[in-house]
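Here's the structure, in structure tokens; my notes come after.
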Amino acid sequence: MRISLASVFVDDQEKAQKFYTEILGFVTKMDIPMGGAKWLTVVSPEEPDGVQLLLEPNGNPAASTYQKAIFEQNIPATAFEVSDVNKEYERLTQLGVVFKTPPTEAGNVILAVLNDTCGNLIQIYQMA
């Protein structure tokens with residue numbers, strides 16, 4: 000058994016696709032129309048056949064309630080590993096990304112938390 004797909008709820012798939020590809024640097028893997036929404040996944044360019052992240056619309060009331068609640072409690076929806084948190088923080092800040100938490104040491108990791116503009120806080124981290 001292995002993880003091949005994970006998901007994050009988004010309030011706007013088009014905006015999410017732009018942010019996750021143009022800003023974070025992922026690449027679109029699947030973009031399949033499904034009525035009013037899409038089956039929209041992104042992957043790391045370093046692992047194009049690796050784990051896909053589904054940018055899932057939050058149209059279900061339970062999904063939007065959950066998304067809003069964890070955002071308001073400052074809980075990241077997911078986390079992405081990076082090789083250098085400080086370097087990514089600088090790069091993303093220059094692109095206008097808003098960080099809730101700047102690079103911070105927390106035990107054996109250095110982490111930062113950003114706003115993905117689609118209703119989520121996202122943690123980036125590196126192992127210390």
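Residue 0 is where the sequence shown starts when you use numbering that gives the first Met the number 0, and the numbers rise one by one after that. All C-beta atoms, glycine included, are put in the ideal place defined by N, C-alpha and C. All values reported here derive from a predicted model rather than from experimental measurement.
Query raised in the report: Distance, Cα to Cα, Glu21 vs Ala15?
Result: 10 angstroms
**Report entry** Distance between Ser82 and Asp10 (C-alpha atoms, nearest Å)
**Finding:** 29 angstroms
Requested in this report: Determine, using beta carbons only, whether Val7 and Leu54 come nearer to each other than 8 angstroms.
Outcome: yes
Query raised in the report: Which residues in the same chain have their Cβ closer than 7 angstroms to the Cβ of Lys37, if we skip the five residues on either side of it in sequence?
Result: Gln12, Asp30 and Ile31
Report task. On the DSSP bridge assignment, give the partners of Glu55 in chain order. Result -> Phe8
Query - Segment limits, beta strand (DSSP E) that includes Gln125 - result: Run containing Gln125: Leu120 to Met126, per the beta strand (DSSP E) assignment.
Query raised in the report: So Leu120 and Phe70 are in contact, right, with Cβ under 8 angstroms, and what is the actual spacing, rounded?
Result: Sure, about 6 angstroms apart at Cβ, within 8 angstroms.
Query raised in the report: Going by DSSP, what residues sit across from Lys37 in a beta bridge?
Result: The secondary-structure analysis by DSSP pairs Lys37 across a beta bridge with Pro32.
**Report entry** DSSP state of Val50 mapped onto helix, strand, coil
**Finding:** Correct three-state label for Val50: coil.
Query raised in the report: Taking the C-alpha atoms as reference points, what is the distance between Ser43 and Gly49?
Result: 7 angstroms
Requested in this report: Alpha carbon to alpha carbon, how far is Asn85 from Glu104? Give it in angstroms, no decimals.
Outcome: 11 angstroms
**Report entry** Glu46 to Lys67 span [Cα, whole Å]
**Finding:** 30 angstroms
Query raised in the report: Roughly how many angstroms lie between the CA atoms of Val128 and Arg1, to the nearest whole one?
Result: Within the shown structure, residues of the chain are numbered from 0 to 127, placing residue 128 beyond reach of any answer.
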